[in-house]
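First up is the structure itself, then whatever we jot down about it.
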Amino acid sequence: MTIELTRDVTGPATDTLSLTAAPTTDAALLAWVRGTAELTQPDEVVWCDGSPAEFERLTDLMVATGTLIRLDPVLRPNSFLARSAPTDVARVESRTFIASHRREDAGPTNNWREPGALREELHGVFAGSMRGRTMYVVPFSMGPVGGPISQLGVQVTDSPYAVVSMGVMTRMGAQALAAIEAGAPWVPAVHSVGFPLVDAIGRVRPDVPWPCNDLKYIAHFPESREIWSFGSGYGGNALLGKKCFALRIASAMGRQEGWLAEHMLLLKVTSPEQRVFHLAAAFPSACGKTNLAMLRPTIPGWQVETIGDDIAWMRPDPEGRLRAINPEAGFFGVAPGTGWATNPTAMEMLSENVIFTNVALTDDGDVWWEGMTEQAPQHLIDWQGRDWTPDSGRPAAHPNARFTVAASQCPSIADDIDDPAGVPVDAILFGGRRRSNVPLVTQAADWSAGVFLGASISSEQTAAAEGTVGELRHDPFAMLPFAGYDMADYFGHWLSMQDRLEELPLVFGVNWFRRGDDGRFLWPGFGENSRVLEWICRRVEGTAGAHETPLGLVPTADGLTLDGLDVPAADLEELFRVDPAAWSAELDRLETYFARFGDKLPAQIGRDVERVRAGLREQRWTA
Ligand code: GDP
Ligand code: PGA
Ligand code: MN
Ligand code: MN
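All residue numbers for the sequence shown refer to this note's numbering, where the first residue is -10 and numbers rise by one.
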């Protein structure tokens, strides 16, 4: 549906925008769309319905404008490659803002802005930012439409790439709009790539394949529940249902309303005895969520199904159990490292209907990235459109290259993804990318120790955000870039779940990334992680042994199934080794970090640091 703006592009924003063609009479929605169009001054407004015809029309349009390259229809049916601007390849944490009235409500880990001042700045950059472009209105639901844990939103955007991606990643279109019209609350989200085609005095400039702006704002108003994103077309900055809504705004909503919005995958594990377990796991970006969510067990009799790979919303149900949904409908996954050897499920899922971003193009019109096959093709066009050969000395795909694909295409997807009530969570895993210190798996003795485990995640930085790859940084609950309020209050909120739940999930720490002195990974990871999942499920069931260490409970000698595993005994020992001196230094680092939160840090977290210290001093080993 299209609405023509009766406007002189050279004039000020005095247009009377006719919304008679809009597919809704919802006054609040119409007023917001009208106001946003008056500010950003697009040539036209298009309401999106999420239909296959719309997807086809928009992808055709983007092929024509050069934003998308259509891949070979036989090798990769209905699939596309987008190459972003080289400066617009990841989330921009330095330009991500939380605007709360009181600075302390954003906390020391967020970039705080005073809401009034930020609003004024945004007004400045959004004024006329869509000139010469189409503004798309995208109604969407996070979670099954109308579900008790689900939420609604509307994104307006001048990026057709964002529209089709939101169509894959959320339940977008008519059903969500109907729920909004029925009176359900919704979160407004405004997105502009910040590259108007007509300037304030009417001069026209040509479009580029990936429009964006060096100036970026990823702005959140958790108190009024609004999102404003400017200057980037990249996933986490531009698909506003994902990180902006489902994590930053939703985490703040969850705190007010007694639930949790988390950077977690969700999976369903079935034991050989047909007992079903549901696990949630938080790892920082590019630290293994998508892979674990799609794992193929290497141990006989166990089955793993995927529910979500990035975000979980979890709420106490009337029986006092924690119930989780995946609010998304698609996967926005890291391509490099995804191959038949490591993640065959993802490879099958990617056989058609995929939007790839910043991977390499093969000579026969297909895609390639590092890790897809052992041997690189002899010639490629790299992610920046340049010729590439194996001795080019640079990666062919950007390390944060991504695929966008519907969850329904995942061969291991569980029916539960469409269950509005969600699944009961039996265990929660916390992990990071740690070359040393952190054992393969530990179990927290109780909920408080589990919260401490989550709060103490550190991880080597990856290409998923700007910054130096490999540098160790604290990333509590893998939520450092995503908590929409003060991180110490967030720890407190997690502790308070104890009082809201009758049955608490068990909590575990895991680390697939420990390395030997020679730099190689000690643990084979991927499908072999099923051995760790087995122990976790057996702990939930109460049938697996464990012994105590200062860091928590670890498997007894016969606790992990090791049949058919090709890991030397020395490596296995190293995977669980706790070096008291290194851990003492680790705790010093943690204490310094926690000190940033001042009086707001829950006392329990301090007590947990002391508990681990005391354990290390006493060498409380029962092995
Ligand atoms: P996500 O961003 O948290 O979803 O992480 P992904 O699952 O996309 O994985 C990010 C990177 O880590 C990819 O290059 C994977 O190949 C790699 N990775 C994932 N799981 C493992 C594992 O168990 N062991 C090792 N060594 N690498 C892994
Ligand atoms: P990831 O999701 O966790 O799969 O990397 C995107 C991100 O967190 O930037
Ligand atoms: Mn993520
Ligand atoms: Mn992922």
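From the three backbone atoms N, C-alpha and C, an ideal C-beta is built for every residue, glycine too. In this text the structure is predicted, and so the values were computed from the model without any measurement.
Neighbourhood of residue 613 by C-beta distance below 7 Å, restricted to the same chain and skipping five residues each side
It is not possible to answer for residue 613, since the shown part of the chain is limited to -10 through 612.
One question on the structure: do residue 129 and residue 29 come within less than 7 Å of each other, judged by their Cβ atoms?
By 1-based counting over the sequence shown, the position of residue 129 is 140. By 1-based counting over the sequence shown, the position of residue 29 is 40. Not closer than 7 Å, so no.
Pick out whichever of 408, 131, 478 has its Cα sitting closest to the Cα of residue 93.
The residue labelled residue 93 in the question sits at position 104 within the sequence shown. Closest option to residue 93, judged by alpha-carbon separation, among 408, 131, 478: 478.
Should residue 80 be listed as close to ligand 2, given that the test is whether its C-beta is under 6 Å from any heavy atom?
The count along the sequence shown starts at 1 and reaches residue 80 at position 91. Yes - ligand 2 has a heavy atom lying nearer than 6 Å to the Cβ of residue 80.
Quick one, which of 245, 68, 27 has its alpha-carbon nearest residue 47's?
By one-based count along the sequence shown, residue 47 stands at place 58. It is 68.
For residue 204 and residue 2, the rounded distance between their alpha carbons:
Indexing the sequence shown from 1 puts residue 2 at position 13. Indexing the sequence shown from 1 puts residue 204 at position 215. Low local confidence applies: a pLDDT of 42 at residue 2 is under 50, so the model's placement there is unreliable, with the coordinate-based value given in what follows. When rounded, the distance between both Cα atoms is 23 Å.
Is the beta carbon of residue 274 within less than 6 Å of some heavy atom of ligand 2?
Taking the first residue of the sequence shown as 1, we reach residue 274 at position 285. Residue 274 has its CB nearer than 6 Å to a heavy atom of ligand 2.
Which residue's Cα is closest to the Cα of residue 417: 498, 26, 457?
Residue numbering aside, residue 417 sits at position 428 when the sequence shown is read from its first letter. Closest by alpha carbon: 498.
8 Å contact criterion, which residue 391 and residue 346 should meet: CB distance rounded:
Looking up residue 391 in the sequence shown gives position 402. Looking up residue 346 in the sequence shown gives position 357. Yes, residue 391 and residue 346 are in contact; Cβ-Cβ is about 5 Å, under 8 Å.
Any non-hydrogen atom of ligand 2 within 6 Å of residue 225 CB:
Reading the sequence shown from its first residue, position 236 is the one you call residue 225. For ligand 2, at least one heavy atom lies less than 6 Å from the Cβ of residue 225.
What's the gap between the Cα of residue 23 and the Cα of residue 174?
Walking along the sequence shown from the start, residue 23 turns up at place 34. Walking along the sequence shown from the start, residue 174 turns up at place 185. Computed Cα separation, rounded: 19 Å.
Please confirm whether any heavy atom of ligand 1 lies closer than 6 Å to the CB of residue 96.
Translated into the one-based positions of the sequence shown, residue 96 becomes position 107. For ligand 1, not one heavy atom lies less than 6 Å from the Cβ of residue 96.
Please work out which residues of its chain come closer than 7 Å, Cβ to Cβ, to residue 407, disregarding the five sequence neighbours upstream and downstream, and give them in chain order.
Taking the sequence shown and counting its residues from 1, one reaches residue 407 at position 418. Answer for residue 407: 133, listed in chain order.
Throw me the rounded Cβ distance for the residue 253 and residue 271 pair, which I believe falls under 8 Å.
Locating residue 253 in the sequence shown gives position 264, where the first residue counts as 1. Locating residue 271 in the sequence shown gives position 282, where the first residue counts as 1. With a beta-carbon spacing of about 5 Å, residue 253 and residue 271 fall inside the 8 Å limit used to define contacts.
Which residues mark the beginning and the end of the beta strand (DSSP E) in which residue 479 is found?
As a first step, residue 479 must be located in the sequence shown, where it is residue number 490. Boundaries for residue 479: no beta strand (DSSP E) harbours it, while the alpha helix (DSSP H) harbouring it runs 476 to 489, taken from the DSSP string.
Distance cut-off 6 Å: residue 299 Cβ against heavy atoms of ligand 3
By 1-based counting over the sequence shown, the position of residue 299 is 310. At least one heavy atom of ligand 3 is nearer than 6 Å to the Cβ of residue 299, so yes.
Taking only heavy atoms of ligand 2 into account, decide whether any of them is closer than 6 Å to the Cβ of residue 592.
Here residue 592 refers to the residue found at position 603 of the sequence shown. For ligand 2, not one heavy atom lies less than 6 Å from the Cβ of residue 592.
Cβ contact check for the stretch 178 to 192 and the stretch 367 to 379: 3 or more pairs under 8 Å
No, the stretch 178 to 192 is not in contact with the stretch 367 to 379.
If the criterion is Cβ atoms closer than 7 Å, does the pair residue 71 and residue 60 meet it?
For the purposes of this step, residue 71 is taken as the residue at position 82 of the sequence shown. For the purposes of this step, residue 60 is taken as the residue at position 71 of the sequence shown. With contacts defined as CB atoms closer than 7 Å, residue 71 and residue 60 fail to qualify as a contacting pair.
Within this structure, are the beta carbons of residue 313 and residue 411 separated by less than 7 Å?
Indexing the sequence shown from 1 puts residue 313 at position 324. Indexing the sequence shown from 1 puts residue 411 at position 422. Taking 7 Å as the cut-off, the Cβ atoms of residue 313 and residue 411 count as close.
Buried or exposed: which applies to residue 388, given that a residue is buried once 16 or more other Cβ atoms fall within 10 Å of its Cβ?
Position 399 of the sequence shown holds residue 388. The residue in question, residue 388, is buried, as its Cβ has 16 or more Cβ neighbours within 10 Å.
Beta-carbon separation (whole angstroms), residue 563 vs residue 493, contact threshold 8 Å
On the sequence shown, position 574 is the one that residue 563 refers to. On the sequence shown, position 504 is the one that residue 493 refers to. About 32 Å separates the CB atoms of residue 563 and residue 493; that is not less than 8 Å, and the two are not in contact.
I'd like the span of the alpha helix (DSSP H) that includes residue 22, first residue to last.
Along the sequence shown, one-based indexing puts residue 22 at 33. For residue 22, the enclosing alpha helix (DSSP H) starts and ends at 16 to 29.
Distance, residue 535 Cα to residue 541 Cα:
For the purposes of this step, residue 541 is taken as residue 552 along the sequence shown, with counting starting at 1. For the purposes of this step, residue 535 is taken as residue 546 along the sequence shown, with counting starting at 1. For residue 541 and residue 535, the gap between their C-alpha atoms comes out near 9 Å.
Span of the beta strand (DSSP E) around residue 346:
For the purposes of this step, residue 346 is taken as residue 357 along the sequence shown, with counting starting at 1. For residue 346, the enclosing beta strand (DSSP E) stretches over residues 344 to 346.
Just to confirm the assignment, what range does the alpha helix (DSSP H) spanning residue 225 have?
Along the sequence shown, one-based indexing puts residue 225 at 236. Looking at the DSSP string, the run of the alpha helix (DSSP H) that includes residue 225 is 224 to 227.
Spell out the partners DSSP gives residue 543 in its beta bridges.
Position 554 of the sequence shown holds residue 543. Looking at the DSSP assignment, residue 543 forms a beta bridge with 536.
Can you tell me whether residue 453 sits near ligand 2, meaning its C-beta is under 6 Å from at least one heavy atom of the ligand?
On the sequence shown, position 464 is the one that residue 453 refers to. Yes, ligand 2 has a heavy atom inside 6 Å of this Cβ.
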